[in-house]
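*Asks:*
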Amino acid sequence: MSHEYTFLDADNIAEYLRSRAETHDHINADRIASIREIGDGNLNLVFHILDEDDRGIILKQALPYVRMTGDGWPMTPERAAREADSLQTHHALTPELVVDVILYDPERYILALEDLSDHAVWRDALNRSERHEDVARRLGEYVAALAVGTSILGQDRQLVAQRIAETQNPELCTITEDLVFTEPVFDTGRNEVLPENAADAAELAADPTFAAAMAEAKWRFMTQAEALIHGDLHTGSVMVRGAEGAVADSVKVFDSEFAFYGPIAFDLGALFANYSFAAARATALGEHERAAWALSLVTETWDAFEREFLTRADSWYETQLFDMAFAQQRIERIRREAFLFAAAKMARRIVGAAKVRDIESLDPELRAPAARSVLAAARALAASWDSAQNIAEFERTVGAELLGA
Ligand code: SR1
Ligand code: MG
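Residues in the sequence shown are numbered consecutively from 307, following the working numbering.
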């Protein structure tokens, strides 16, 4: 495959920074002290650069293929433009909760981002059995800010129509449609599980209730252009800073290259699924109190989302037909859909191509039962999402499978 732009590497980064005036207040390109490639996601190159005065910057570059698999899986680098646009839009709505974009270079698909190296990726912290409090609440408020601030609830419909057109992201959405909804049911050759979980994966794929739920989830994902959502809001897309066991003193969302106008509940479902992985891991490690804490994050995020959404409903764009009763109805539908999307997200990370370290880094004798419990929880949610009456039902349904004896 031929690539028409130069990839960043340790030998050309100083020259790149010198050529980009926007970065000069953040780093001295003539006094670089270190360059580290820190990308651990599935798609991109990511570098952390420090100068001799300890000032830092992040450079992130989209490759024209999926990094996870190499150039056998081409992928548009235009996703970097989607990421820059969504980060800037979301940052304007909740500046304290979204990483700051210093520059976007559309010719080389490079984002320069504020240095968050004093933060930890939340998934990594969770996997070290650390607790950072109040992160889940802030993420609920973040989702509500996007839900109102980028939709017809908070903006003029002409502007929203224009934004829907500008933020189309079909190639990245197709990844989600395939990996998250279709492939857990219909393996195209990318699925993989431990031999001990082969029967669990087969039962999932043969479960007609699960398949019908995935059809419903995929349809809603593809048709409900509600708000400019993050699109991949797992615990690896969140950075936290602060002492273990204490309230986080900073929370930053990043990595929104999957952003598009989609269902508000998709971001909530992603968070709920990832809290569930943390709970399954804690149970596997015998950390039962921590497992219950991880699952309780679902209610913490939901309550904050609901509170913030309803607060914003008081003064949103149209309050005649879209009154408080309407807002309450939306809330109920979003809650149910979040259960549905969580079911999809839980199953895909167990059987599908891109997995999570919460489960993968467990020893096989712990991993197989943990994976089995997550699949059982996904199936239970898929069977009950449409009749769930309150958020406590998530913890009850999923807890029955994940929290063990
Ligand atoms: C080919 S990309 C695989 C996955 O990585 C991202 O984090 C998304 O979740 C995507 O589905
Ligand atoms: Mg990502």
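Idealized CB from N, CA, C, for every residue including glycine. Since the structure is predicted, the reported quantities are computational estimates derived from the model, not experimental observations.
#1: Answer yes or no: the CB of T482 versus the heavy atoms of ligand 1, is any distance below 7 Å?
#2: My output table needs one value for N318: the three-state DSSP class, helix, strand or coil.
#3: At what residue ranges does the stretch 625–701 contain a whole run of the alpha helix (DSSP H), taking only runs of 4 or more?
#4: If I measure Cβ to Cβ from K366 and keep anything under 6 Å in the same chain, skipping five residues before and after, which residues do I get?
#5: Given this structure, state the Cα-to-Cα distance separating P412 from S392, to the nearest angstrom.
#6: For ligand 2, I want to know if G347 counts as a neighbour, meaning its beta carbon is within less than 7 Å of at least one of the ligand's heavy atoms.
#7: Which first and last residues belong to the beta strand (DSSP E) in which N350 is found?
#8: Between the C-alpha atoms of S325 and M545, what's the straight-line distance to the nearest angstrom?
#9: Taking Cβ to Cβ, would you say Y623 is nearer than 8 Å to L601?
#10: Can you find the residues in the same chain that come closer than 6 Å, C-beta to C-beta, to E447, ignoring five residues on each side of it along the sequence?
#11: With hydrogens ignored, establish whether the beta-carbon of A442 is closer than 7 Å to any heavy atom of ligand 1.
#12: Can you give me the C-alpha to C-alpha distance between T529 and A523, rounded to a whole angstrom?
#13: Tell me whether G537 sits in a helix, a strand or coil according to DSSP, three-state version.
#14: Pull up the distance between the alpha-carbon of A694 and that of A686, whole angstroms please.
#15: According to DSSP, what are the bridge partners of I416?
#16: Can you give the beta carbon distance from A565 to R388, rounded, assuming they're within the 8 Å contact cut?
#17: Could you tell me whether the stretch 657–672 touches the stretch 627–634, where touching means 3 or more Cβ pairs closer than 8 Å?
#18: Using only the heavy atoms of ligand 1, determine whether one of them is closer than 7 Å to the beta carbon of D538.
#19: In chain order, what are the residue ranges of uninterrupted alpha helix (DSSP H) at least 4 long that sit wholly in the stretch 432–486?
#20: Tell me which same chain residues have a C-beta within less than 8 Å of the C-beta of T473, skipping the five on either side of it?
#21: State yes or no: is the C-beta of A650 nearer than 7 Å to some heavy atom of ligand 1?
#22: What does a CB cutoff of less than 6 Å around I656 pick up in its chain, not counting 5 residues either side in sequence?
#23: Identify the residues that DSSP records as bridge partners of V427: which are they?
#24: Run the CB neighbour count on P653, radius 10 Å, all protein chains shown included, and call it buried at 16 or more, exposed below.
*Replies:* A quick look at the data gives this:
#1: yes
#2: coil
#3: 630–657, 663–666, 670–690
#4: N350, V352, L417
#5: 15 Å
#6: yes
#7: 350–357
#8: 29 Å
#9: no
#10: A610, E614
#11: no
#12: 10 Å
#13: coil
#14: 11 Å
#15: Q367, D411
#16: 5 Å
#17: no
#18: yes
#19: 441–455, 463–472, 476–482
#20: R388, D391, S392, L534, A565, F566, Y567
#21: no
#22: A677, V680, L681
#23: M545
#24: Reading the sequence as shown, one finds Ala at residue 653 and not Pro. When all chains shown are included, A653 counts as buried.
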